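According to my numbering, the sequence shown is numbered sequentially starting from 1.
Here is the structure we will look at.
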Amino acid sequence: MVLGHLVALRSSGHSVGGVENLGEGVGFHGRDPSRRGPPRQGPRALALLLLTVACACAPAAIRRGRRAMARGDFEAAARSYREAANDAPDDAVLWTRLAKAELMAERPARAREAYERVAALRPNDPHPVLEVGFTHELERDYDLALQAYHRAVERAPEAAEPHRVLGARLLRWGQAEVAIAPLSHALELDPAHRETWKALAMAQHHAGDDEAARATFVRATERFPESVELRLGLAATQINAERFAEALATYDEVLALRPRFAPAHVGRAILLHELGRMDEAEAAFERALEVAEDPRPYAARLQRYRRLRADLAARPNEPPR
C-alpha cells in the first residue's frame, strides 16, 4: 500500500513531507546536480517521506487507538487496537499495543490474553511471558505468576532479565533462599545491572548468610563506586556484624559522595558513639542538623543525644549506652 502510494506521488509530483515536485527531483537537497538519470533523494529525506506516508496510511483503527491513548480513554483505545489486531492477527506490535491499553484500562485478564498472542508470535522472546506473569500478580494469583516467570526463563535461558525478574519476585514473596540462585545467574549473565547486586545481597541477608551479603555488597561497591545506596547496604551488613569501624569508614565514603546527606551524618554519629567517640558523635549530629532540608527531626535527635551525654556524665561508672 505504501509503495503504491509512493509511486502515485512520484508520477503526479505532489508535495509530501516537505519534498516538493518529486518528478523534478527538487526537495530537501534541491535539484539533482547531474541533470541526468532518476531524481535523487538523501537518506534523511526518504526516511521522513516514508514516515509521513506510513502515518497517513495507518489503518483508521490504529489512529483512533493512538488518539484515545493520548486523551486517556484507555477502554476506547483497547477497542480500536483490538479491531486493528483482529484485522492483522500476525502483527505482534498491534497485540502489544492492545495489551498495554487493556492494562491501562485495569483489565489484566484481557491484557494477558493479548500478551499470550504476542508470546505465540514471538516464541523466543521472554518479555511477553514476563508481562503475563505481571498480569497474574495484579490479580494476586502468585502461583500462576511464578509459573509464567519460570516459562520466561525456559524461553530465554541465556537472557539475564527473566532470571532477574524471577529472583526478585521470589525475594519479594519471602522465598529468599530460593531467590539466590536465579539472582546469581542473572548477575553472571549481566554483571552491569546494579539493582541485581542489591537484590542478591538482600536475598543472602534474609536467608541468614550475612557474610555472603557483605561480600556481595563489597563487590557491588567496587563495580559501582558512585552508588550511595549500595554503600548504605554494605554499612548495614557491617553494623549487623558489629564491625563498627568498617561501617564508619563506609559512611565516610557515602558522605564523600553526598556531603549534605543528613541521614548518613546520623548513621555516622551513632557509629561514633558506639566506638566511644562521643564528642565526634555530637558534632556529627550537629552537622546532620545543619544540612537537613527539614531540621525538626534532626534537632530532636541532637537534643536527645545531648541529654544522653548529660545522663552518662552524671553516672560516670556506668558503660555508655
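Backbone N, C-alpha and C fix where the C-beta goes; we use that ideal spot for every residue, glycine too.
Only a predicted model underlies this, so the values are computations on that prediction, with no experimental measurement involved.
Once you ignore the five residues that flank residue i on each side, which residues in its own chain have a CB closer than 8 Å to its CB?
i	result
Pro-295	Leu-289
Gly-30	Note that Gly-30 scores 33 on pLDDT, short of 50, meaning its location in the model is unreliable; the coordinates nonetheless yield the value given after this. Correct list: empty, nothing qualifies.
Ile-239	Ala-247, Leu-271
Glu-211	Ala-241
Pro-259	Val-291
Using the three-state DSSP reduction, which class does residue i fall into: helix, strand or coil?
i	result
Pro-295	helix
Arg-155	helix
Ala-70	helix
Asp-311	helix
His-273	helix
Asp-279	helix
Glu-137	helix
Arg-304	helix
Asn-317	coil
His-150	helix
Asp-143	helix
Ala-60	helix
Pro-126	coil
Ala-192	coil
Pro-33	For Pro-33, the pLDDT reaches just 38, beneath the cut-off of 50, and the residue's location in the model is therefore unreliable, leaving the point undetermined.
Which one of the options has the shortest CA to CA distance from residue i?
i	options	result
Val-165	Leu-183, Glu-154, Glu-177	Leu-183
Phe-74	Arg-63, Glu-106, Ala-88	Glu-106
Phe-285	Arg-307, Glu-293, Ala-262, Pro-191	Ala-262
Phe-134	Arg-122, Leu-275, Pro-123, Gln-147	Gln-147
Arg-194	Thr-221, Ile-180, Arg-169, Leu-171	Thr-221
Arg-140	Ala-119, Arg-169, Glu-154	Arg-169
Ile-180	Glu-116, Ala-119, Leu-200	Leu-200
Leu-187	Thr-216, Glu-177, Glu-137	Thr-216
Arg-219	Leu-138, Ala-60, Leu-230	Leu-230
Tyr-298	Leu-312, Val-266, Ala-283	Val-266
Val-93	His-136, Met-278, Ile-62	Ile-62
Pro-157	Val-178, Leu-138, Leu-189, Val-132	Leu-189
So, at 7 Å on beta carbons, what are the nonlocal neighbours of residue i in its own chain, with the 5 sequence-adjacent residues on each side left out?
i	result
Ala-114	Trp-95, Leu-98, Ala-99, Glu-102
His-185	His-163
Ala-176	Ala-203, His-206, Ala-207
Pro-128	Tyr-115, Val-118, Ala-119, Arg-122
Trp-173	Tyr-142
Ala-88	Leu-94
Ala-84	Pro-59, Ala-61, Ile-62, Gly-65, Leu-94
Along the chain, where does the alpha helix (DSSP H) that runs through residue i open and close?
i	result
Leu-189	176-189
Pro-162	160-172
Counting only the same chain and skipping the five closest in sequence on each side, list residues whose C-beta sits under 6 Å from that of residue i.
i	result
Leu-130	Ala-152, Val-165
Phe-244	Leu-271, Glu-274, Leu-275
Leu-257	Val-228
Met-69	Ala-77
Leu-144	His-136
Ala-213	Ala-201, Gln-204, His-205, Thr-237
Arg-268	Tyr-251, Ala-284
Arg-110	Glu-102
Ala-310	none
Alpha helix (DSSP H) runs wholly inside the segment 199-271, at least 4 long, in chain order:
210-223, 228-240, 244-257
Taking only runs that begin and end inside the segment 87-123, name each unbroken alpha helix (DSSP H) of 4 or more residues, in chain order.
92-104, 108-121
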